[in-house]
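Beneath this line is the structure, given in structure tokens, with notes to follow.
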Amino acid sequence: MRQLLQVHARLITDPPPPTVDTNLVAVKLISASAARANPRYAALVFSLLPAPNLFAWNSLLRTLALHHLWPLALRYFNLLLAARRPLPDEFTFTSVLKACAGLAAVPDGEMSHALVLKRGLDANLFVRNSLVDMYFKFGCPAVARRLFDGMPVRDVVSWNTLISGYSSCGDITAAREVFDRMPERSMVSWSAMIAGHARSGDVATARELFDQMPERNVVCWNAMIAGCAQNEKFLDSIELFRKMLQSGCALPNDVTLVSVLSACAHLGALDLGMWIDGFIKRRSMELSLFLGNALSDMYAKCGCIGEARRVFERMKERDVISWSIIICGSAMHGHAEEAISGFHEMLQRGIKPNDITFMGILSACTHAGLVDDGLKYFNRMSYEFGIDPKVEHYGCVVDLLSRAGRLDEAENLINSMQVPPNVIVWGALLGGCRIYGDICRGERVVHHILELDPGHSGSYVYLAHVYSSIGRLEDAARCRLRMREKQVAKMPGCSWIEVDSTVHEFFMGDRSHPQSEKIYSMIGALSLRMKLAGYVPDTTVVSQSIDEEEKEDALSMHSEKLAVAFGLISTKEGATIRVVKNLRVCNDCHEAMKFISKIVAREIVLRDRSRFHHFSEGKCSCKDYW
DNA sequence: GTAGGGTTAG
């Protein structure tokens with residue numbers, strides 16, 4: 001870079017004599033800046049040229065297209081057309097078509113296509129391949145296919161374009177057909193096919209292909225690791241990452257680390273996440289936007305919001321996602337003030353919030369009980385920022401109002417929604433009815449929910465509970481019967497805990513862990529000490545059909561309790577226990593964690609579906625409001 | 001020169 005700047009300075013202070021080909025120098029500078037990932041410098045060098053030739057134009061356009069600065073590339077292309085000379089050639093069009101494809105700029109793309117035909121450049125294989133790709137990216141597979149079928153010659157890239165084109169249009173069958181009958185395959189064909197299967201949700205088939213591959217480069221590994229992470233197979237994703245390191249034939253790059261960090265974030269795998277942080281530092285990898293965001297999010301989701309902020313501060317470039325990570329992360333930790341101040345700082349820096357940023361702000365207000373603030377931001381969202389609230393935002397605000405007991409307002413909001421309410425929205429109101437004992441409204445809400453989702457277990461449990469508490473035992477029994485008839489399936493509760501960089505997974509009532517016996521005896525010992533300390537199991541969440549003692553047992557099998565018990569037997573005394581759960585923590589577990597933290601004198605950090613709970617000395621950071 | 005892999009929320 002220093003050399004580049006020196007040459008640049010010399011160009012300005014000491015203009016070369018006319019015998020020197022300035023265009024040639026510029027082309028060299030531009031391609032050097034492409035290699036150093038500095039496309040804006042390329043544009044600067046270009047702007048110094050008195051009479052750019054076609055080589056200069058082409059290297060600029062290529063650099064911009066390569067670095068995804070597509071709008072800028074199209075702007076320069078239009079300048080080129082306006083200047084009328086030099087005339088664009090096949091090199092020019094490959095870059096321009098790529099920019100059109102990236103932006104889904106259909107009018108520009110069709111105009112360029114027409115120019116290509118007019119100048120007879122479609123005889124060129126590269127141009128033809130780019131055109132096929134562009135029409136796939138425009139969402140027109142039929143047009144793309146017609147162009148492909150009309151090609152006089154095709155190479156492996158043409159076939160690969162079809163595979164990735166069909167799979168990005170969601171037509172995985174067509175993509176696989178192409179893969180199966182193409183004349184020769186490259187590593188790109190395999191990667192594209194693996195990614196395609198993974199995108200369609202079929203990780204098993206993707207894995208089958210991956211295992212069959214004759215050889216693999218970093219992109220193949222990335223496709224498979226990302227494919228697992230995107231389909232919530234986080235443990236598999238981490239396992240593959242380990243295999244990749246062991247195999248030693250492909251070195252992880254920033255794309256690999258982004259996927260693995262995302263898996264760490266989901267599982268709460270702090271040790272591995274920190275190891276990756278060290279890896280980045282050891283190799284002095286640049287903390288790019290993607291990598292910085294993924295690292296910051298990993299720390300936020302693993303309970304280290306302070307470290308997440310430090311990573312955020314270290315990043316050279318930040319976008320909406322970076323800010324949203326900090327805002328949502330603060331919200332998860334119950335730090336509403338930080339979330340709100342982060343939001344205002346972001347606005348000051350001219351970054352436009354998106355719908356996810358508002359999810360963070362609204363949930364921060366919900367977790368802190370800041371009802372009026374939440375309503376204020378909810379209104380600003382559409383009036384000031386032009387973002388239409390999605391059903392998730394309504395869910396958040398209904399939750400906010402319901403918890404505060406403003407049930408009328410919550411119900412009115414649902415009835416005035418622009419989008420049809422879903423089970424989550426009604427469920428939030430149902431939660432309020434439960435807390436404030438509004439039986440009449442609760443019954444009404446349950447009917448709405450069952451209309452949308454006849455198998456909604458929470459509603460049957462709620463109704464059965466309400467009926468039995470007011471003595472309508474027959475109705476309660478009928479509810480439970482209907483629940484059994486519909487074979488209401490709950491999402492299984494699952495918790496993860498990382499010990500010595502290995503993530504252990506526990507399901508509700510799980511006995512599959514090798515140390516299962518020790519874990520259960522730990523739970524037995526704990527519940528005895530908890531009872532002595534005054535803990536009373538809360539059994540209202542469990543089905544009424546089993547007797548009291550069984551109910552207590554069933555409660556003790558919740559996955560978070562298993563994970564915490566395992567943490568207690570396998571970590572050093574006094575060490576913090578960190579557990580992540582896929583669902584919301586139930587009342588009883590929340591109460592139990594408070595007691596356990598006191599009895600064993602340990603800090604327990606539990607992340608549930610919506611936020612963090614830091615248990616210490618018998619108290620929780622959420623102040624029992626979640 | 002053209003084709004393959006990536007971060008937030010739900």
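Residue numbers (full-length UniProt numbering): 1 to 626.
Ideal Cβ positions, reconstructed from N, Cα and C, are used throughout, including at glycine.
Proximity below 8 Å, CB of residue i to CB of residue j
i: I497; j: A563; result: yes
i: I435; j: R403; result: yes
i: G432; j: L407; result: yes
i: G574; j: V499; result: no
i: I449; j: I470; result: no
i: S583; j: M593; result: In the sequence as presented, Ser is not what sits at residue 583; that position holds Leu. Not a contact, by the Cβ cut-off of 8 Å.
i: I327; j: T366; result: no
i: C396; j: L370; result: no
i: L528; j: I596; result: no
i: L209; j: W190; result: yes
i: A263; j: S296; result: no
i: L103; j: P71; result: yes
i: G196; j: N231; result: no
i: I351; j: V320; result: yes
i: F290; j: D254; result: yes
i: V391; j: I414; result: no
i: S158; j: N129; result: yes
i: V106; j: V116; result: no
i: M346; j: W323; result: yes
i: S95; j: R62; result: yes
i: L267; j: V580; result: yes
i: D608; j: P537; result: no
Element boundaries [alpha helix (DSSP H), containing residue i]
i: I414; result: L407 to N415
i: A44; result: Ala is not the amino acid found at residue 44; the sequence shown has Leu there. Here the alpha helix (DSSP H) through L44 covers P39 to S47.
i: L267; result: D254 to L267
i: D399; result: V391 to R403
i: F55; result: L54 to L66
i: F241; result: F234 to S247
i: H456; result: From DSSP, H456 is part of no alpha helix (DSSP H); its letter is neither H nor E.
i: A533; result: Where A533 is concerned, there is no enclosing alpha helix (DSSP H), given that its DSSP letter is neither H nor E.
i: Y625; result: Element bounds for Y625: n/a, residue is neither H nor E.
i: H590; result: N587 to I599
i: R146; result: P141 to D149
i: Q230; result: V218 to Q230
i: S559; result: S559 to S570
Same chain, Cβ closer than 7 Å to residue i, neighbours up to 5 away in sequence not counted
i: residue 629; result: A query on residue 629 cannot be resolved here, the shown segment of the chain reaching from 1 to 626 and no further.
i: S382; result: D388 and P389
i: A206; result: I194, H197, A198, M224 and G227
i: D475; result: Y467
i: residue 627; result: Look at the range of the chain in this structure, 1 to 626, and you will see that residue 627 is not part of it.
i: A428; result: G395, V398, D399 and S402
N-terminal and C-terminal residue of the beta strand (DSSP E) that residue i is part of
i: R578; result: I577 to K581
Proximal residues to residue i (C-beta, below 6 Å), its chain only, five neighbours per side dropped
i: L270; result: C302
i: C494; result: F507, S559 and N582
i: H333; result: I305 and F612
i: G374; result: L362, C365 and L400
i: G329; result: A300, I305 and A308
i: L64; result: P39, L72 and A73
i: A175; result: I163, Y166, S167 and G196
i: S501; result: D271 and L272
i: Y394; result: M417 and V425
i: L79; result: none
i: M151; result: R128
Identity of the residues DSSP links to residue i by a beta bridge
i: T502; result: V499
i: I276; result: DSSP lists no partner for I276.
i: K619; result: S616
i: C494; result: F507
i: I449; result: DSSP lists no partner for I449.
i: R609; result: Paired residue(s): none; R609 is not in a bridge.
i: I604; result: I577 and F615
Cβ shell of residue i (< 8 Å), same chain only, five flanking positions each side left out
i: A56; result: N23, A26, V27, I30, F46 and L49
i: N53; result: N23 and P86
i: I325; result: N293, S296, D297, A300, A308 and F312
Exercise. Write down every uninterrupted run of the alpha helix (DSSP H) in the stretch 299-370 whose length is 4 residues or greater and which is fully enclosed by it, in chain order.
Key: Here the runs fully enclosed are 305-314, 320-332, 336-348 and 355-368.
Exercise. Return the chain-ordered ranges of every alpha helix (DSSP H) run that is complete within the stretch 83-113 and spans a minimum of 4 residues.
Key: Fully enclosed alpha helix (DSSP H) runs of no fewer than 4 residues occupy 90-103 of the stretch 83-113, in order along the chain.
Quiz item: What runs of the alpha helix (DSSP H), each 4 residues or longer, lie entirely inside the stretch 158-194?
Solution: Fully enclosed alpha helix (DSSP H) runs of no fewer than 4 residues occupy 172-181 of the stretch 158-194, in order along the chain.
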